[in-house]
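Protein chains in written order, with my numbering: chain A, 1 to 337; chain B, 338 to 634.
Ideal Cβ positions, reconstructed from N, Cα and C, are used throughout, including at glycine.
Let me begin by presenting the structure, written as structure tokens, before commenting on it.
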Amino acid sequence: MASYAALLGRKLGTVFLTALLLSIVVFIVLRIIPSDPLAMMLPPSATQADIDFIRKELGLDGSIFQQYLVWLGNALQGDLGASIYFRTPVLELLKTALPPTLELVLVSLVMALAISIPGGVLLYKLERRKGEMVADFALVFLLSVPSFLWGIILIIVLGVVYPILPFMGRIDPSFSVDTITGFLLIDTLLQGQWRAWFDAFQHLILPALALALSFSPIIVRVLRSSLLDTAAAQYVNVARLRGQSEWRVLVHHMLKNAALPTLTLIGVQFGFLFGGTLLIELIFSFPGIGNLMVQAIKNFDLPLIQGVALVFCLMVLVVNFCVDGLYAVLDPRLRTA
Amino acid sequence: MSSISVNQQARPRGGMARIFSHPKVAVGGAMVLLFICVAVFAPWLAPNDPNAQDLLATLLPPAWAADGMAQYPLGTDSLGRCVLSRLIYGSRIALIVAVAAATGTMLLGTTLAILAGYLRGGFDRATSFIVVLWMAFPPVVFSMMLMVGLGTGVRNVILAVILVDWTRFYRVVRAEVIVARQREYVQAARLLGFSHLRVMLREVLPGVAPLIITLFSLQMGVAIIVEAILSFVGLSVPSNVVAWGVMLADGRDQIYQAGWNLLAPVCGIVFAVLAFNLLSDGLRVVLDPRLRKRGGE
Numbered sequence: 001m002a003s004y005a006a007l008l009g010r011k012l013g014t015v016f017l018t019a020l021l022l023s024i025v026v027f028i029v030l031r032i033i034p035s036d037p038l039a040m041m042l043p044p045s046a047t048q049a050d051i052d053f054i055r056k057e058l059g060l061d062g063s064i065f066q067q068y069l070v071w072l073g074n075a076l077q078g079d080l081g082a083s084i085y086f087r088t089p090v091l092e093l094l095k096t097a098l099p100p101t102l103e104l105v106l107v108s109l110v111m112a113l114a115i116s117i118p119g120g121v122l123l124y125k126l127e128r129r130k131g132e133m134v135a136d137f138a139l140v141f142l143l144s145v146p147s148f149l150w151g152i153i154l155i156i157v158l159g160v161v162y163p164i165l166p167f168m169g170r171i172d173p174s175f176s177v178d179t180i181t182g183f184l185l186i187d188t189l190l191q192g193q194w195r196a197w198f199d200a201f202q203h204l205i206l207p208a209l210a211l212a213l214s215f216s217p218i219i220v221r222v223l224r225s226s227l228l229d230t231a232a233a234q235y236v237n238v239a240r241l242r243g244q245s246e247w248r249v250l251v252h253h254m255l256k257n258a259a260l261p262t263l264t265l266i267g268v269q270f271g272f273l274f275g276g277t278l279l280i281e282l283i284f285s286f287p288g289i290g291n292l293m294v295q296a297i298k299n300f301d302l303p304l305i306q307g308v309a310l311v312f313c314l315m316v317l318v319v320n321f322c323v324d325g326l327y328a329v330l331d332p333r334l335r336t337a
Numbered sequence: 338m339s340s341i342s343v344n345q346q347a348r349p350r351g352g353m354a355r356i357f358s359h360p361k362v363a364v365g366g367a368m369v370l371l372f373i374c375v376a377v378f379a380p381w382l383a384p385n386d387p388n389a390q391d392l393l394a395t396l397l398p399p400a401w402a403a404d405g406m407a408q409y410p411l412g413t414d415s416l417g418r419c420v421l422s423r424l425i426y427g428s429r430i431a432l433i434v435a436v437a438a439a440t441g442t443m444l445l446g447t448t449l450a451i452l453a454g455y456l457r458g459g460f461d462r463a464t465s466f467i468v469v470l471w472m473a474f475p476p477v478v479f480s481m482m483l484m485v486g487l488g489t490g491v492r493n494v495i496l497a498v499i500l501v502d503w504t505r506f507y508r509v510v511r512a513e514v515i516v517a518r519q520r521e522y523v524q525a526a527r528l529l530g531f532s533h534l535r536v537m538l539r540e541v542l543p544g545v546a547p548l549i550i551t552l553f554s555l556q557m558g559v560a561i562i563v564e565a566i567l568s569f570v571g572l573s574v575p576s577n578v579v580a581w582g583v584m585l586a587d588g589r590d591q592i593y594q595a596g597w598n599l600l601a602p603v604c605g606i607v608f609a610v611l612a613f614n615l616l617s618d619g620l621r622v623v624l625d626p627r628l629r630k631r632g633g634e
């Protein structure tokens, strides 16, 4: 168990180091910018002294290296600078925008699993049967529709043509919910506002489904091939010979073992799910960090872009770290390795 | 991946005939061909100038609807521009970005992968470490950030796709090169005194070529999606150039009055991406029988 803790500790160290290096990458990429962000925020009448003052204020003076050190020093103290466009601290903006995105991503992950576990089993069952070709083409088709197109299709079908579900924002503005955790599904419950909870949940369905629909074919694919791998394993034959029902063999022996490679894939592809929130949140006017990123980019808001980009990277790193930890819990062989 | 029937029929036949007898290659290939033809012959196929505005006929429904006009088969957008013509012209940007970005991604990713996988050592560690860093970026976030750094425009969209996606080629090809360099034919070539460069180009590269072709087709689909995303956000083409993402962004404002304005570019993007994905998926099976049992990436 000690080696396991040490392994996780080492991994945590790697996460920090990676995050630090990523912040350098982000910094350099944004400093090759051809246009001067100051030009957009100052009136034409600004004097050279004004420009110099603002430049210093925003930490945009000095060489890239100096700028980075200043930024890093502030960031380590919890100060990510102020947004040029919103004129508020980046950290404040992130604090309000992160919970909605996490809520959206978690709900869509649940939806994706609800779609892809039966889907993977179905495709496995169809292997070498008549329906295989159809299912196979359907899978490639589903892999070809990116999440933001699902978003648009869902809005047209379930929002406009058959107006069943809302597709603007997180909750109907007529509800007033105090912010406790920032997660609307939790805050409404804490305050006993059942109707608000239901409304917030309805608002989540379409954006989360759009993300889930583009994520699940990726999971289905790996789940099917892992199931095919386990089907050839001896323990599966042994279970069958012991007279266990097909269903029991599938659930207790095959799915359990197929879960490991699937989990790895979900970890690796989590960035894909997170990246999808950029356009999904824009399309559904959802006030999360994805939408914040798009706004920041449209306004050339450097401090904000930097902050949001790093949060995206951190999320991916944290998820990968958790998947590593979970993997070791699920697979005893990895604890000593 | 799938399709047992093909392997049962794997009698000695002409190479091309065998490849195209696979249903995914056949369907995907035909769709790719159609897509390329539409893009190349756009000026002859489009019924109208894609930028010509007919302000007396805005937001027309498709021609088969009650108040549609035969002149505009798929209707018009909010400025009275022909949706079908814009759909046809939009394929040009998609094709240009797909070809250029996939080529660049392939060259960069494969070169680094072969060098890293074959030479190993410090170079391998360094490039692999960069890949680990790159993997922490959600691709969309990274490409948008690059567009801020590089500035808008189609050329920079291509550059952004290359700089983000070369890791896909790198990871897959490098793993294959590491296996290939242990093979006898590579060892034999070294014993014969061939230079490292010659071994890499003449022995290792042909071995991983099927994989590269498969990834190339896949990457073309990815590039089309990325271009659509970036032009949707307004980071890609200038306003006088037609792109599917721009059509989506324009159509979003009139979603209640004219949903068909959105459906046309949605279908265009899905068609093109599906074409390359089918082709890639089929080629993977046909070109490398060993991959039949492997799923996923």
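| query | result |
| --- | --- |
| C-beta atoms of Val308 of chain A and Leu94 of chain A nearer than 8 Å | yes |
| Nearest-angstrom Cβ-Cβ length linking Val83 of chain A and Pro287 of chain A, presumed shorter than 8 Å | A small fix is needed here, since residue 83 of chain A is Ser in this sequence, not Val. Not quite, the Cβ-Cβ distance comes to about 15 Å (not below 8 Å), so this is no contact. |
| Euclidean distance between Cα positions of Leu616 of chain B and Val26 of chain A | 35 Å |
| Where Ser339 of chain B falls: helix, strand or coil (DSSP) | Its pLDDT being 43, under 50, Ser339 of chain B is placed unreliably in this model, and the coordinates cannot settle the point. |
| Status (buried if at least 16 other CB within 10 Å, exposed otherwise) for Glu246 of chain A | exposed |
| Which listed residue (A:Pro99, A:Ala233, A:Phe53) has its alpha carbon closest to that of Leu292 of chain A | A:Pro99 |
| First and last residue of the uninterrupted alpha helix (DSSP H) at Asp324 of chain A | 302–330 |
| Contact with chain A by Phe372 of chain B, beta-carbon distance below 8 Å | no |
| Reduced DSSP secondary structure (H/G/I, E/B, other) of Ala586 of chain B | helix |
| Residue-chain proximity (Leu72 of chain A, chain B), Cβ-Cβ < 8 Å | no |
| Segment limits, alpha helix (DSSP H) that includes Phe215 of chain A | 194–231 |
| Distance CB(Phe569 of chain B)-CB(Leu206 of chain A) smaller than 8 Å | no |
| Buried/exposed call for Glu57 of chain A, threshold 16 Cβ in 10 Å | exposed |
| Neighbourhood of Lys630 of chain B by C-beta, 6 Å cutoff - its chain only, sequence neighbours within 5 removed | In this prediction, Lys630 of chain B scores a pLDDT of 44, lower than 50, which makes its location untrustworthy; the coordinate-derived value is nonetheless stated afterwards. For Lys630 of chain B, where only same-chain residues beyond five positions count, there are no Cβ hits under 6 Å. |
| Three-way DSSP call (helix, strand, coil) for Thr440 of chain B in this model | helix |
| Three-state secondary structure (DSSP) of Ala601 of chain B | helix |
| Contact with chain B by Thr230 of chain A, beta-carbon distance below 8 Å | no |
| Buried versus exposed call for Lys256 of chain A [16 or more other C-beta atoms within 10 Å across all chains shown] | exposed |
| In DSSP terms, what Cys419 of chain B is bridged to | B:Thr413 |
| Nearest candidate by alpha-carbon position, reference Thr489 of chain B, set B:Val434, B:Ser358, B:Leu572 | B:Leu572 |
| Collapsed DSSP secondary structure at Ala112 of chain A in the structure displayed | helix |
| Chain B residues whose Cβ lies nearer than 8 Å to that of Phe312 of chain A | Phe474, Pro475, Val478 |
| Cβ separation of Gln338 of chain A and Leu30 of chain A, assumed to be a contact under 8 Å, to the nearest whole Å | Shown here, chain A extends from 1 to 337; a query on residue 338 of chain A therefore has no answer. |
| Bridge partner(s) assigned by DSSP for Pro89 of chain A | A:Ala82 |
| Buried versus exposed, by CB contacts within 10 Å (16 or more), Thr262 of chain A | buried |
| Contact between the segment 545–558 of chain B and the segment 465–479 of chain B (3+ Cβ pairs under 8 Å) | no |
| Best match in A:Gly169, A:Pro173, A:Thr14, A:Ala114 for proximity to Ser216 of chain A [C-alpha to C-alpha] | A:Ala114 |
| Neighbourhood of Gly405 of chain B by C-beta distance below 8 Å, restricted to the same chain and skipping five residues each side | Leu397, Pro398, Pro399, Gly412 |
| Chain-order list of residues whose beta-carbon lies under 6 Å from that of Asp339 of chain A (same chain, five-residue window excluded) | Nothing can be reported for residue 339 of chain A, as the shown portion of chain A is limited to 1 through 337. |
| Residues within the segment 19–33 of chain A neighbouring chain B, beta-carbon criterion of under 9 Å | Ala19, Leu21, Leu22, Val25, Val26, Ile28, Val29, Leu30, Arg31, Ile32, Ile33 |
| Closer than 7 Å at the beta carbon, the chain B residues around Leu143 of chain A | Asn614 |
| Minimum Cβ-Cβ distance from Met370 of chain A to chain B less than 8 Å | A question about residue 370 of chain A goes unanswered here, because the residues of chain A that appear run from 1 up to 337. |
| Where Lys361 of chain B falls, given that 16 or more other Cβ within 10 Å makes a residue buried | buried |
| Delimiting residues of the alpha helix (DSSP H) encompassing Glu540 of chain B | It is not in any alpha helix (DSSP H) - Glu540 of chain B carries neither H nor E in the DSSP assignment. |
| Residue from B:Ser465, B:Ile592, B:Val434, B:Pro475 with nearest C-alpha to Leu314 of chain A | B:Pro475 |
| Spatial neighbours of Ser108 of chain A in its chain, beta-carbon cut-off 6 Å, leaving aside the 5 residues before and after | Ala208, Leu211, Ala212 |
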